[in-house]
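Beneath this line is the structure, given in structure tokens, with notes to follow.
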Amino acid sequence: MAPRVTMLDAHVLDDHISKIFIGQTLKVFKFLPSWILNNCESEINVILQFLLTYYSVTKAKATFGQQLLGIRFNPDQLTDTKLVLFQLFTTGAEYIQSKVESPSKNFINNINILHLVVDVFKVASFLNFLLFLQQGKYPTLTQRLLSLSQESTRKRNIEYTYMTRELLWHGFSELLLFTLPLINYQSLKHKIFRLMR
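Residue numbers (UniProt numbering): 1 to 197.
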């Protein structure tokens, strides 16, 4: 099983990658009439998110963030049905949530049951996150519902150069904090002025 921090970092990386990809792709549409983007932006986002998820998870059994951090979904658990459901849940939930929370007046805002579903989804996601912090198994609600655990693709390698550098700087700063109050700055200042004359 992959470490909790790595799974959370992969999820954050996936969010950043999708935002960058969608942002760059939406820049292509700025030359088209503005009504196209205003009316279809959430649908374009869903299609792009689906394509990102499809090409990453189908080919490598891992999202792009997971690939960067050396983890993947357990191949024994990732069946074709679960793959399709994973893509539908991740993109569909975000689409419904964006439609319900958008300030535009469309037919979907009038359906109160969808507001309730989105609120239940948020509470369930929060409870899942608390369970993830305790158990360390499923970072998202979709992964918990589909029982998709993650595993490392390579051995964990810990680099101690950063930690050594931090310990040295911490020790040096403590030394300075201890010795600086002991220095008499007035006499040091007078000695420097005498040497300069």
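We treat Cβ as the ideally placed atom computed from N, Cα and C, and that holds for glycine.
Query raised in the report: Which word fits Val57, buried or exposed, when buried means at least 16 other C-beta atoms lie within 10 angstroms of its C-beta?
Result: buried
Query - N- and C-terminal bounds of the beta strand (DSSP E) containing Phe73 - result: Ile71 to Phe73
Query raised in the report: Looking at Phe73 and Glu134, is the spacing between their C-beta atoms short of 8 Å?
Result: According to the sequence as given, residue 134 is Gln; it is not Glu. Not a contact, by the Cβ cut-off of 8 Å.
Query raised in the report: If you measure from the CB of Lys61, is any heavy atom of the ligand MG nearer than 7 Å?
Result: With respect to the ligand MG, the structure shown offers nothing to examine, as it has no ligands at all.
Requested in this report: Could you pull out every unbroken alpha helix (DSSP H) segment of at least 4 residues lying fully inside the segment 94 to 148, listed in chain order?
Outcome: Entirely contained in the segment 94 to 148, the alpha helix (DSSP H) runs reaching 4 residues are, in chain order, 112 to 135 and 141 to 146.
Report task. Could you check the C-alpha separation between Ala60 and Ser42 for me, to the nearest Å? Result -> 27 Å
Report task. Could you tell me if Tyr55 is buried or exposed, where buried requires 16 or more neighbouring beta carbons within 10 angstroms of its beta carbon? Result -> exposed
Requested in this report: Kindly provide the ranges of any beta strand (DSSP E) runs that are 3 or more residues long and lie completely inside the segment 51 to 88, ordered along the chain.
Outcome: 71 to 73
Requested in this report: State yes or no: is the C-beta of Ile20 within less than 8 Å of the C-beta of Asn45?
Outcome: no
Report task. Tell me whether Ala2 is buried or exposed, calling it buried when 16 or more other Cβ atoms sit within 10 Å of its Cβ. Result -> buried
Query raised in the report: From the DSSP output, which residues share a beta bridge with Ser152?
Result: Ile71
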